[in-house]
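Quick notes on the structure that follows.
In our numbering, the protein residues as written are 50 to 236.
Written out as structure tokens, the structure is:
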């Protein structure tokens with residue numbers, strides 16, 4: 050994979066908002082907790098402004114939650130039903146003329162794959178909804194090591210030997226790792 054990825058950016062050439070890579074397996078029920086790590090990694094604040102001549106009543110939804118114009122066929126047994134990792138908060142707001150408000154968009158992927166949806170903004174008395182594609186990439190930590198086993202042969206007293214173990218991050222997210230079991234190492 051490349052050495053860097055975009056994170057929480059509007060990609061103008063593709064016309065979409067990209068959350069970038071996000072660690073899978075976080076509990077989406079914690080979206081409204083005070084945990085700053087979750088807020089930093091899994092949410093973005095968008096500013097919605099009313100630059101029109103009248104007050105605006107706006108409802109927000111994800112296209113995956115809206116009822117389709119034509120009924121969907123029943124799900125095939127064993128196939129997953131469409132699920133979106135995105136959450137929006139608040140789901141509606143009233144903006145006075147020249148007023149701004151904050152909309153928070155969350156992403157909680159549960160599998161290592163790309164998720165796509167659309168943020169739909171429905172403005173009262175406006176027949177044309179505003180639709181913004183959004184994506185995120187669910188990622189799992191993954192490393193490659195050059196040797197599965199590092200073995201040290203017998204040494205004479207007061208001699209040292211150095212072995213090198215190369216660990217490479219091959220995932221799209223930063224990885225934090227450490228050695229465990231050092232407290233029980235032989236003397």
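Virtual Cβ for every residue (Gly too), placed ideally from N, Cα, C.
Within 7 Å: the Cβ of residue i and any heavy atom of the ligand GTP?
{"i": "residue 166", "result": "This structure simply doesn't include the ligand GTP, nor any ligand for that matter."}
Got a sec? Which residues, its chain only, sit under 7 Å from residue i by beta carbon, not counting five neighbours each side?
{"i": "residue 189", "result": "73, 161 and 220"}
{"i": "residue 191", "result": "219 and 220"}
{"i": "residue 204", "result": "210"}
{"i": "residue 196", "result": "214"}
{"i": "residue 201", "result": "210 and 212"}
For residue i versus residue j, is the C-beta distance shorter than 8 Å?
{"i": "residue 111", "j": "residue 167", "result": "yes"}
{"i": "residue 138", "j": "residue 153", "result": "yes"}
{"i": "residue 135", "j": "residue 75", "result": "no"}
{"i": "residue 65", "j": "residue 183", "result": "yes"}
{"i": "residue 146", "j": "residue 181", "result": "no"}
Figure out for me which residue from the options has the closest Cα to the Cα of residue i.
{"i": "residue 175", "options": "113, 64, 82 and 108", "result": "108"}
{"i": "residue 82", "options": "145, 232 and 155", "result": "155"}
{"i": "residue 33", "options": "96, 79 and 148", "result": "The question about residue 33 has no answer here: the residues shown for the chain are numbered 50 through 236."}
{"i": "residue 95", "options": "218, 59, 147 and 226", "result": "59"}
{"i": "residue 63", "options": "178, 165, 229 and 228", "result": "165"}
{"i": "residue 194", "options": "217, 180 and 202", "result": "217"}
{"i": "residue 151", "options": "141, 159, 75 and 157", "result": "141"}
{"i": "residue 144", "options": "99, 169 and 115", "result": "99"}
{"i": "residue 198", "options": "205, 76 and 212", "result": "212"}
{"i": "residue 67", "options": "196, 75 and 57", "result": "57"}
{"i": "residue 149", "options": "177, 97 and 233", "result": "97"}
{"i": "residue 159", "options": "208, 229 and 91", "result": "91"}
Determine the DSSP secondary structure at residue i, reduced to helix, strand or coil.
{"i": "residue 193", "result": "strand"}
{"i": "residue 78", "result": "helix"}
{"i": "residue 103", "result": "coil"}
{"i": "residue 156", "result": "strand"}
{"i": "residue 92", "result": "strand"}
{"i": "residue 148", "result": "coil"}
{"i": "residue 167", "result": "strand"}
{"i": "residue 140", "result": "coil"}
{"i": "residue 222", "result": "coil"}
{"i": "residue 133", "result": "coil"}
{"i": "residue 51", "result": "Confidence at residue 51 is low in this model, with a pLDDT of 49, below 50, so its placement is unreliable and no value can be given for it."}
{"i": "residue 56", "result": "coil"}
{"i": "residue 205", "result": "coil"}
{"i": "residue 115", "result": "coil"}
{"i": "residue 72", "result": "strand"}
{"i": "residue 179", "result": "strand"}
By Cβ distance, which residues of its chain are closer than 6 Å to residue i, with the 5 residues on each side in sequence left out?
{"i": "residue 172", "result": "105 and 107"}
{"i": "residue 70", "result": "54, 186, 188, 221 and 222"}
{"i": "residue 226", "result": "none"}
{"i": "residue 179", "result": "170"}
Going by beta carbon distance, what residues of the same chain come within less than 8 Å of residue i, once the five residues before and after it are set aside?
{"i": "residue 231", "result": "none"}
{"i": "residue 115", "result": "169"}
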